[in-house]
Amino acid sequence: MAFFAGLWGPFTHASRAFSQRSFSTTGSFSAIQKMTRVRVVDNSALGNTPYHRPPRCIHVYNKSGVGKVGDRILLAIKGQKKKALIVGHRMPGPQMTPRFDSNNVVLIEDNGNPVGTRIKTPIPTSLRQREGEFSKVLAIAQNFTFDISARTSQDEKGALYWNFFFQTIKYYSLS
1 MAFFAGLWGP FTHASRAFSQ RSFSTTGSFS AIQKMTRVRV VDNSALGNTP YHRPPRCIHV
61 YNKSGVGKVG DRILLAIKGQ KKKALIVGHR MPGPQMTPRF DSNNVVLIED NGNPVGTRIK
121 TPIPTSLRQR EGEFSKVLAI AQNFTFDISA RTSQDEKGAL YWNFFFQTIK YYSLS
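All letters in the sequence shown, in the order written, are residues 1 to 175 by UniProt numbering.
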């Protein structure tokens, strides 16, 4: 055994150094901030044309600088600056809210009207609570994803869940 101790002697400090380090393999989760790549999900001409660079967020219109569902952002898309509304992001939100595979936005004009005439992906039902701001965006949406805010009671959550469940069954049985 003394023979092996001499062989491993020079390498003992290296094994200690590696065991003390901790490596992180996950990036930081934040919703949408500056320089975040986004996906335009409406059928506007600017959103549907192929682009060399993906659209990026260059400003978030709120105090924190991190955009969540329902916040307005400024995009750089095909060399132009356009305002957009966040309708889904990859970051996990509160309990019972959907998490999307991509950061989805809908292009809007300065007065809040959507640029496109259809939204191609489902949008969260939590936008319906702020209907006054986004009524025209909600009008062009075809599908909604089910989410429940943390402020609703357990009885309301159950009723909302079953109501959405039966609406979905009715929708798919008709088509």
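Where is the CB? At the ideal position from N, CA and C, for every residue including glycine.
By the C-beta density criterion, His-89 is buried, having at least 16 other C-beta atoms within 10 angstroms.
The beta carbon of Tyr-51 is closer than 8 Å to those of Ile-77 and Lys-78 in its chain, skipping five residues each way along the sequence. Val-105 places its beta carbon less than 8 Å from that of Val-40.
DSSP places Val-66 outside both helix and strand once states are collapsed to three, so it counts as coil. Collapsing the DSSP output to three states places Asn-111 in coil. For Ile-73, the enclosing beta strand (DSSP E) stretches over residues 72-77.
The beta carbon of Pro-54 lies closer than 6 Å to those of Arg-37 in the same chain, with the five residues before and after it left out. When only Cα atoms are considered, Phe-134 and Leu-127 end up about 7 Å apart.
For Gly-70 against Arg-130, the beta-carbon gap comes to about 6 Å, under 8 Å, which counts as contact.
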